[in-house]
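Participant: Questions regarding the structure given below will be posed in turn.
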Amino acid sequence: MNYVGQGRMTCVYRRTGLPFFVVMSVVVHALCMSCVAGNVEGVDYFKMISTLEYTGDGQFRNQTESAYSVAKEVFANDRVRYSFIMSDPNSPSGAKAASDFSFVLDKSTGLMSAAGRDLAFWAQVHNETVKSLEKVTKDYVGKTWKQTVNLSSVSGAPFSEVSFTLTAINVKTAAFGDMIAVRALSEPFFITIDKGPVGCKINTVCLFDVEIEDVYLSISVFEATTDIKGTKETLRHEVATYRTDTTGKPYDLSDVGKDFEALVAKVGLRKDSLQITKEAGLPKWASAKGVPAAQVANICSAAVCEGALNPVGMISIPTARTLAGQGGSRVAGASLLARLAGGFGWNLPTIGIIGGAIAIPIILAQDDDDDDASPH
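This is the structure in structure tokens:
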């Protein structure tokens, strides 16, 4: 074997005319690079429906649907690279709706790193959220508890702090067996514009596998409201992201159960599409302050739902990128609730509960440390 290898190296030397030590250095470098490269664990597929609305002196509505895949590459140093390819399913050719991007997660710390101004900023938001977590979701299934995220050290953050009341429940489905659903309801938080503060809130629910390693469904609703011009103005963002098979077909979640439906009802999905009677563009405060607040709030709420070191960033970061491009045009579409109901095969009672028309209480144990946490 040694003789054959030596012969091959001699052959390379003779064909290239390069000195032996140069050839060897190239070979050693290639071997080192192969050691550094990670192993691709697999590819996950998602669809996202994102709706941005404004009501005030006129109405604005933009709904975007996109599909994307996420490849996970695992490295020996406990780091994982998540590489995204986003496409537009409405395009006949499946053309990319956004440039490909990636981030790296340190599994030992839960901290994220990414290149590029926006990605680096969102990674910093994710990291500060992870650092703020005091409780692990898996330890609080069947309970309510609170988490507060402190972003005061993040330069350019649209708000410095946001607090959530969280609820986690067990869910059983035919497709995946035991699962865990987590809901985060924010307390009011504020962004500042030229004429004063704007009140905001975000509500999120995520459906995980029982180990909280994979996320199968995420629904969020963000609102920012002000009356600084004497008329009530509201910026609203609804987004749902769900896992699909390789063909883009959603997995069967038609049997999620009444407790899950009641959990989602508090998120506040709009039952009907916003009616446009007077078209308007986004006002400056909404595009300059409101949209960035929605991006950051989505990252925070997703991370507190997970409460672990595995990245819901594979949903919240694409949400932030998609939202950045929704302020410039007006696109109609069915309500997000209607789109989800059609995709998952939810029946009318399920739609009624999730839409808030039918009230179902959830009976939960309460965290002893959070005596004022609502069990509903």
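The working numbering puts the first residue of the sequence shown at 5, with every later residue one more than the last.
Glycine included, each C-beta is placed from N, C-alpha and C at the ideal position.
Is the beta carbon of residue 267 closer than 8 angstroms to that of residue 171?
Facilitator: Counting from one through the sequence shown, the residue named residue 171 turns up at place 167. Counting from one through the sequence shown, the residue named residue 267 turns up at place 263. Yes, the pair counts as a contact, with Cβ atoms nearer than the cut-off.
Participant: Residue ranges of each alpha helix (DSSP H) run of no fewer than 4 residues wholly in the region 119-144, ordered along the chain?
Facilitator: Runs of the alpha helix (DSSP H) lying entirely within the region 119-144 and spanning at least 4 residues, in chain order: 121-136.
Participant: For residue 122, which residues in the same chain have their Cβ closer than 8 angstroms to its Cβ, ignoring the five residues on either side in sequence?
Facilitator: In the sequence shown, counting from the first residue as 1, residue 122 sits at position 118. Here the set comprises 324, 325, 328.
Participant: Given a threshold of 16 other Cβ atoms within 10 Å of its Cβ, counted over all protein chains shown, does residue 192 qualify as buried or as exposed?
Facilitator: As a first step, residue 192 is located in the sequence shown; it is residue number 188 there, counting from the start. Exposed is the call here.
Participant: With DSSP run on the structure shown, which of helix, strand or coil describes residue 212?
Facilitator: Within the sequence shown, residue 212 is the residue found at index 208, counting from 1. Of the three classes helix, strand and coil, the one that applies to residue 212 here is strand, per DSSP.
Participant: Between 44, 136, 227, which lies nearest to residue 311 when the distance is taken from Cα to Cα?
Facilitator: What you label residue 311 is simply residue 307 of the sequence shown in a count that begins at 1. Check the Cα spacing between residue 311 and each of 44, 136, 227: the tightest is with 136.
Participant: Measure the C-alpha to C-alpha separation of residue 307 and residue 286 and round it to an integer number of angstroms.
Facilitator: Within the sequence shown, the letter at position 303 stands for residue 307. Within the sequence shown, the letter at position 282 stands for residue 286. One C-alpha to the other measures close to 28 angstroms.
Participant: For residue 308, which three-state DSSP category applies?
Facilitator: Within the sequence shown, numbered from 1, the residue matching residue 308 stands at position 304. Secondary structure of residue 308 (DSSP, three-state): helix.
Participant: Enumerate in chain order the residues of its own chain whose CB-to-CB distance from residue 131 is below 7 angstroms, with the five nearest sequence positions on each side excluded.
Facilitator: Taking the sequence shown and counting its residues from 1, the one referred to as residue 131 is at position 127. Within the same chain, residue 131 has close Cβ partners 115, 116.
Participant: Within a Cβ cutoff of 7 angstroms, which residues of the same chain sit near residue 162, ignoring the five residues on either side of it in sequence?
Facilitator: Taking the first residue of the sequence shown as position 1, residue 162 is located at position 158. Excluding the 5 residues flanking it on each side, residue 162 has same chain C-beta neighbours closer than 7 angstroms at 195, 293, 296, 297, 300, in chain order.
Participant: In chain order, which beta strand (DSSP E) runs of at least 3 residues are fully inside the region 162-201?
Facilitator: Look at the region 162-201 and you find these whole runs of beta strand (DSSP E), each 3 residues long or longer: 165-177, 181-190, 193-197.
Participant: Should residue 181 be labelled buried (16 or more other beta-carbon atoms within 10 Å of its own) or exposed?
Facilitator: Taking the sequence shown and counting its residues from 1, one reaches residue 181 at position 177. Answer is exposed; the Cβ neighbour count stays below 16.
Participant: So, helix, strand or coil for residue 80, using DSSP?
Facilitator: Here residue 80 refers to the residue found at position 76 of the sequence shown. The answer is coil: DSSP assigns residue 80 none of H, G, I, E or B.
Participant: Looking at the structure shown, is residue 104 part of a helix, part of a strand, or coil, going by DSSP?
Facilitator: The residue you call residue 104 lines up with position 100 of the sequence shown. Of the three classes helix, strand and coil, the one that applies to residue 104 here is coil, per DSSP.
Participant: Which residues bound the beta strand (DSSP E) around residue 48?
Facilitator: Taking the first residue of the sequence shown as position 1, residue 48 is located at position 44. Counting along the chain, the beta strand (DSSP E) containing residue 48 begins and ends at 43-60.
Participant: Going by other Cβ atoms of all chains shown within 10 Å of its Cβ, with 16 needed for buried, is residue 66 buried or exposed?
Facilitator: Counting from one through the sequence shown, the residue named residue 66 turns up at place 62. Of the residues assessed, residue 66 falls on the buried side of the cut-off, its CB having 16 or more other CB atoms within 10 angstroms.
Participant: Would you mind stating whether residue 206 and residue 190 have Cβ atoms separated by less than 8 angstroms?
Facilitator: The sequence position of residue 206 within the sequence shown is 202, counting from 1. The sequence position of residue 190 within the sequence shown is 186, counting from 1. Cβ atoms of residue 206 and residue 190: closer than 8 angstroms.
Participant: Classify residue 322 as buried or exposed, calling it buried when 16 or more other Cβ atoms lie within 10 Å of its own Cβ.
Facilitator: Taking the sequence shown and counting its residues from 1, one reaches residue 322 at position 318. It is buried - the Cβ of residue 322 has at least 16 other Cβ atoms within 10 Å.
Participant: Within 8 angstroms, do at least three Cβ pairs link the region 235-245 to the region 154-161?
Facilitator: As far as the Cβ criterion goes, the region 154-161 does not touch the region 235-245, which means the pair count is below three.
Participant: For residue 104, I'd like the list of residues in its chain whose CB is within less than 8 angstroms of its CB, leaving aside the five on either flank, ordered along the chain.
Facilitator: As a first step, residue 104 is located in the sequence shown; it is residue number 100 there, counting from the start. Sequence-distant Cβ neighbours of residue 104 in its own chain, meaning closer than 8 angstroms and more than five residues away, are 87, 88, 89, 90.
Participant: To the nearest whole angstrom, what separates the beta carbons of residue 214 and residue 187, a pair I think is in contact under 8 angstroms?
Facilitator: The count along the sequence shown starts at 1 and reaches residue 214 at position 210. The count along the sequence shown starts at 1 and reaches residue 187 at position 183. That belief does not hold up - the Cβ atoms of residue 214 and residue 187 are roughly 17 angstroms apart, past 8 angstroms.
Participant: Who does residue 116 pair with in a DSSP beta bridge?
Facilitator: If you number the sequence shown from 1, residue 116 lands on position 112. Answer is 109, bridged to residue 116.
Participant: Tell me whether residue 300 sits in a helix, a strand or coil according to DSSP, three-state version.
Facilitator: Counted from its first residue, the sequence shown places residue 300 at position 296. Looking at residue 300 - three-state DSSP - the assignment turns out to be helix.
Participant: Name the DSSP beta bridge partners of residue 203, please?
Facilitator: Numbered from 1 along the sequence shown, position 199 holds the residue referred to as residue 203. Looking at the DSSP assignment, residue 203 forms a beta bridge with 194, 229.
Participant: Within the continuous beta strand (DSSP E) that includes residue 150, where are the two ends?
Facilitator: The residue given as residue 150 occupies position 146 in the sequence shown. Residue 150 -> beta strand (DSSP E) spans 148-154.
Participant: Run through DSSP, which three-state label would residue 284 get?
Facilitator: As a first step, residue 284 is located in the sequence shown; it is residue number 280 there, counting from the start. Note: residue 284 maps to coil in three-state DSSP.
Participant: Could you say which of 77, 167, 51 lies nearest to residue 45 if we only look at CA atoms?
Facilitator: Along the sequence shown, read from residue 1 onward, the residue named residue 45 stands at position 41. Closest option to residue 45, Cα to Cα, is 77.
Participant: Would you report the Cα separation of residue 200 and residue 290, rounded to the nearest angstrom?
Facilitator: Numbered from 1 along the sequence shown, position 196 holds the residue referred to as residue 200. Numbered from 1 along the sequence shown, position 286 holds the residue referred to as residue 290. Between residue 200 and residue 290, the C-alpha separation is close to 13 angstroms.
Participant: Is DSSP giving residue 295 helix, strand or coil here?
Facilitator: Counting from 1 along the sequence shown, the entry for residue 295 is found at position 291. Here residue 295 sits in helix by DSSP.
Participant: For residue 256, tell me which candidate among 176, 72, 113 has the shortest Cα-Cα distance.
Facilitator: As a working mapping, residue 256 is identified with position 252 in the sequence shown. Of the listed residues, the one whose Cα sits closest to residue 256 is 176.
Participant: Name, in chain order, the residues that DSSP records as bridge partners for residue 223.
Facilitator: Within the sequence shown, numbered from 1, the residue matching residue 223 stands at position 219. 209, 244, per the DSSP bridge assignment.
Participant: Across which residues does DSSP place residue 239 in a beta bridge pair?
Facilitator: Counting from 1 along the sequence shown, the entry for residue 239 is found at position 235. 58, 228.
Participant: Between residue 55 and residue 70, what straight-line distance do the alpha-carbon atoms span, to the nearest angstrom?
Facilitator: Counting from 1 along the sequence shown, the entry for residue 55 is found at position 51. Counting from 1 along the sequence shown, the entry for residue 70 is found at position 66. Their backbone Cα atoms lie some 12 angstroms apart in a straight line.
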